[in-house]
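**Q**
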Amino acid sequence: MRIPASLKEWIQQARDFRRADFVALRPSFMRLDAHLIQRTFIVDHSVTIVDIVVYATVRGNRFAAAGLPSWTNVQRWVSYLEASSVFIHKVRDELNAHVNRWKSSSDGSAALANLAARGIKGQIVTRFPPEPSGFLHIGHAKAALLNYTLARDNGGTFICRFDDTDPSKETAEFQDAIREDLRTMGIEPDRVTYSSDYFEQMHSACVDMIKSGKAYADNTDWETMKSERKIGIASQCRDKDVDFSLAKFEAMRAGTDEGQQWCIRARISVDNPNKCLRDPVIYRCNAQPHHRTGTLWKVYPTYDFCVPFVDAVEGITLALRTTEYNDRNAQYAWIQAAMCRTAIPVHEFSRLSFVNTVMSKRTLAHIVASDIVKGWDDPRMPTIRGLIRRGLTMPALREFIRSQGPSRNVIALDWSLLWSVNKKHIDPIAARHTAVRQIGSVVAFVNGITDTVVLDKPKHSKSKGLGTKKVVWGDNILLEQDDAQSLVEGEEITLMSWGNALVSSIDRDSTSERVTSLRLELNLAGNVKTTKKRLTWLSIAQKLVPVRLHSFGILITKEKFQKHDDVNEYINRDSEKVEDAWADCNVADLQRGEIIQFERYGYYRVDEPASAGMAGAFFKIPTIPRN
Numbered sequence: 326m327r328i329p330a331s332l333k334e335w336i337q338q339a340r341d342f343r344r345a346d347f348v349a350l351r352p353s354f355m356r357l358d359a360h361l362i363q364r365t366f367i368v369d370h371s372v373t374i375v376d377i378v379v380y381a382t383v384r385g386n387r388f389a390a391a392g393l394p395s396w397t398n399v400q401r402w403v404s405y406l407e408a409s410s411v412f413i414h415k416v417r418d419e420l421n422a423h424v425n426r427w428k429s430s431s432d433g434s435a436a437l438a439n440l441a442a443r444g445i446k447g448q449i450v451t452r453f454p455p456e457p458s459g460f461l462h463i464g465h466a467k468a469a470l471l472n473y474t475l476a477r478d479n480g481g482t483f484i485c486r487f488d489d490t491d492p493s494k495e496t497a498e499f500q501d502a503i504r505e506d507l508r509t510m511g512i513e514p515d516r517v518t519y520s521s522d523y524f525e526q527m528h529s530a531c532v533d534m535i536k537s538g539k540a541y542a543d544n545t546d547w548e549t550m551k552s553e554r555k556i557g558i559a560s561q562c563r564d565k566d567v568d569f570s571l572a573k574f575e576a577m578r579a580g581t582d583e584g585q586q587w588c589i590r591a592r593i594s595v596d597n598p599n600k601c602l603r604d605p606v607i608y609r610c611n612a613q614p615h616h617r618t619g620t621l622w623k624v625y626p627t628y629d630f631c632v633p634f635v636d637a638v639e640g641i642t643l644a645l646r647t648t649e650y651n652d653r654n655a656q657y658a659w660i661q662a663a664m665c666r667t668a669i670p671v672h673e674f675s676r677l678s679f680v681n682t683v684m685s686k687r688t689l690a691h692i693v694a695s696d697i698v699k700g701w702d703d704p705r706m707p708t709i710r711g712l713i714r715r716g717l718t719m720p721a722l723r724e725f726i727r728s729q730g731p732s733r734n735v736i737a738l739d740w741s742l743l744w745s746v747n748k749k750h751i752d753p754i755a756a757r758h759t760a761v762r763q764i765g766s767v768v769a770f771v772n773g774i775t776d777t778v779v780l781d782k783p784k785h786s787k788s789k790g791l792g793t794k795k796v797v798w799g800d801n802i803l804l805e806q807d808d809a810q811s812l813v814e815g816e817e818i819t820l821m822s823w824g825n826a827l828v829s830s831i832d833r834d835s836t837s838e839r840v841t842s843l844r845l846e847l848n849l850a851g852n853v854k855t856t857k858k859r860l861t862w863l864s865i866a867q868k869l870v871p872v873r874l875h876s877f878g879i880l881i882t883k884e885k886f887q888k889h890d891d892v893n894e895y896i897n898r899d900s901e902k903v904e905d906a907w908a909d910c911n912v913a914d915l916q917r918g919e920i921i922q923f924e925r926y927g928y929y930r931v932d933e934p935a936s937a938g939m940a941g942a943f944f945k946i947p948t949i950p951r952n
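Numbering of the sequence shown is given in my numbering, commencing with residue 326 and proceeding in unit increments.
1. Return the CA-CA distance between S936 and R930, expressed in angstroms with no decimal places.
2. K945 to V796, Cα distance in whole Å?
3. For the stretch 848 to 859 against the stretch 812 to 828, do three or more pairs of beta-carbon atoms, one drawn from each stretch, fall closer than 8 Å, so that the two count as touching?
4. Classify W862: buried if its beta carbon has 16 or more other beta carbons within 10 angstroms, exposed otherwise.
5. Leaving out five residues on either side along the sequence, give the residues of the same chain with a beta carbon under 8 Å from the beta carbon of S430.
6. Given a threshold of 16 other Cβ atoms within 10 Å of its Cβ, counted over all protein chains shown, does D739 qualify as buried or as exposed?
7. By the three-class DSSP mapping on this structure, what secondary structure does E334 have?
8. With a cut-off of 8 Å, do at least 3 Cβ pairs link the stretch 602 to 613 to the stretch 460 to 475?
9. When the Cα atoms are used, what is the spatial distance from A655 to A663?
10. Short check: CB of N983 to CB of I896, under 8 Å?
11. With DSSP run on the structure shown, which of helix, strand or coil describes P633?
12. Between which two residues does the alpha helix (DSSP H) holding F574 run?
13. Whole angstroms are fine: how far does the CA of A381 sit from the CA of W659?
14. Please state if the CB of R590 and the CB of D636 are separated by a distance shorter than 8 Å.
15. Should C665 be labelled buried (16 or more other beta-carbon atoms within 10 Å of its own) or exposed?
16. What are the uninterrupted segments assigned as beta strand (DSSP E) that are 3 or more residues long and contained completely in the stretch 677 to 738, given in chain order?
17. Expressed to the nearest angstrom, what Euclidean distance is found between the alpha-carbon atoms of D702 and L689?
18. CA-CA distance, R486 and I713?
19. Check the C-beta distance from V903 over to R925 and give it rounded, since I have them as a contact under 8 Å.
20. Spell out the partners DSSP gives A760 in its beta bridges.
21. Residues in its own chain within less than 8 Å of L406 by CB, not counting five upstream and five downstream?
22. Expressed to the nearest angstrom, what Euclidean distance is found between the alpha-carbon atoms of A502 and D489?
23. For the 8 Å Cβ check, are there 3 or more pairs between the stretch 748 to 756 and the stretch 783 to 800?
24. Per DSSP, what kind of secondary structure is P753 in: helix, strand or coil?
25. Does the Cβ-Cβ distance between G481 and V450 come in under 8 Å?
26. For E816, which option in W823, D808, S829 has the closest C-alpha, if you only look at C-alpha atoms?
27. Report yes if the C-beta distance between C601 and R653 is below 8 Å; otherwise report no.
28. At 3 residues or longer, what runs of the beta strand (DSSP E) sit wholly inside the stretch 481 to 564?
29. Between D506 and the rest of its own chain, which residues show a CB-CB distance below 6 Å, the 5 nearest in sequence each way excluded?
30. From the DSSP secondary-structure annotation, give me the bridge partner or partners of T793.
31. Go ahead and label E583 buried or exposed: buried means 16 or more other beta carbons lie within 10 angstroms of its beta carbon, across all protein chains shown.
32. To the nearest whole angstrom, what separates the beta carbons of P934 and G941, a pair I think is in contact under 8 Å?
33. Could you give the distance in angstroms between the alpha-carbon of A908 and the alpha-carbon of D515?
34. Relative to the alpha-carbon of L361, which residue among H672, R401, E894, G385 has its alpha-carbon at the smallest distance?
35. To the nearest angstrom, report how far apart L843 and F923 are at their CA atoms.
36. Count Cβ pairs between the stretch 835 to 853 and the stretch 886 to 895 that sit closer than 8 Å; are there 3 or more?
Given below as structure tokens:
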């Protein structure tokens, strides 16, 4: 039978939903979402093989399935299929089982358990080696939590080692901030060490390497060295004798003018296909005082030399490294062999990256220095401190990282995945409150209540343990201008936490048509299930609390930001929106860091509590974005 062209085209396009990358999936979702705007099914007036194939492909890919809530028409189509077809129900259940089996064998906790099996229970030693030159961001959180969890779950030892080998960028303040951020994440190292603790040992090891012909001194300028390594040409210093190199290394340590012209390179290979093995630099000069050792040292090991050395000395049993170091793993092993150290097994995992996000500390520092944001803890920043101010909870972060596991899949994640996990954690603990935007707010007279009534009601109808709040009812209430604009005389509406009311009259400004006042008639016997509009309101008989509601958009407009991109071209300079509002009287008692829900507005974190004469600052917490 000949397959119609339209069916064939969509069956072919279904393959695009197999991609394991949110950014790569976006064009496919955009095309399907636009196609379904005025359609119930993809190519006909009933379910066809095309619907089944596309549905199965989307549901069978965990990345595509996770992205469904962002696409209104696709989500509607999926929901309709699942609600109307017994066959689709069976397909969905099979696909969900398939995805769950896949996840259990290759993701999260199971993958960590597989890693643990490579060591001896109780003898696993892992490390997290941050450079104290900036604040921790969510990418660092993955590395820290994976290493910590692997050690903790298996009775092992977790070391936080500060890789303080570049005094030009490092400070004690950053070091203290990292310790604090780790504590915030619930990470308490068994040991805290410093690469600088081993400077003397590393210096001696480098001297031994020079004496054994495994390293040499070189004064080739940086550009020439880069060019020679690229095309596989030996340095003119490569064959200098051992005493020559030892003398230059001694001058480097002394920090003389002559010594500062030299570096030490490992003698590995000139033309190895892996360019990381082409005689890498392992020691270089730096005259800047070190924040721990002062001016004692003028010469410092490079990261590529320091990490394999200290890993071996500290007895690390499994080195977790991001996939960006793939080409350096051979170098890591060579350094350990050159120093006659036991080879440490390496497991690679992918860096945690998100769409519309920059993780480079240098770029983030530029954003801060340019006053694009208000600091490293700005809620638009991907730092741990910024994410906490935006409302991320640490239990949610730990659950999310654990679900990712030490996978090697390099993908750009959608932020909605993290925030949807966070929502599960905050919804049960978020007390419910009410707010009304100040601009254009309308006073409505309510007929049917004569006295002001104040009652204690649960802060959360499903979490009674949160306690109670005061709810005030009175004959004058405040409504949103948008809500008032939507009303028509004679309409029956529902006032949330009160009951039904009839719209008696509406007064409007003759020029702008904005509502200036209105009258409502209580109808508490009315059925709240039959009304189309459910409005939030505030009685003006209470002491209303002024608040400022902050909401944040994406900071980087490019979905997949690359190293070579100029960040200034992709900055969203209108990424913060602030609205003044009135909140119920209970909001005056909230403390910094509390998470609440303003009904119909969303979840918020208290950044600054309201105080006498000062509005409180509330930061909106993302949940799952929808078109």
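Cβ atoms here follow ideal geometry from the backbone N, Cα and C, with glycine treated the same way.
**A** Walking through what the data contain:
1. 16 Å
2. When only Cα atoms are considered, K945 and V796 end up about 23 Å apart.
3. yes
4. Flag for W862 reads buried.
5. Reliability of the predicted coordinates at S430 is poor, the pLDDT of 41 falling under 50, and no value is obtained from them.
6. buried
7. helix
8. no
9. 12 Å
10. Any answer about residue 983 is impossible in this case: the structure gives the chain only from 326 up to 952.
11. helix
12. 567 to 579
13. Using only the alpha carbons, I get a separation of about 48 Å.
14. Cβ distance not < 8 Å, so D636 and R590 don't count as in contact.
15. Its Cβ having fewer than 16 others within 10 Å, C665 is exposed.
16. none
17. 11 Å
18. Computed Cα separation, rounded: 24 Å.
19. Between R925 and V903 the Cβ distance is about 19 Å, and since that is not below 8 Å, they are no contact.
20. Under DSSP, A760 shares a beta bridge with A908.
21. V372, D376, Y380, I413
22. 14 Å
23. yes
24. helix
25. yes
26. Nearest neighbour of E816 by Cα position, chosen from W823, D808, S829, turns out to be S829.
27. yes
28. 482 to 487, 516 to 519, 540 to 543
29. Within its own chain, the residues whose Cβ lies closer than 6 Å to the Cβ of D506, once the five positions on either side in sequence are excluded, are L461, I709, listed in chain order.
30. P783, per the DSSP bridge assignment.
31. E583 comes out exposed.
32. 5 Å
33. Rounded to the nearest angstrom, the two C-alpha atoms are 46 Å apart.
34. R401
35. 24 Å
36. no
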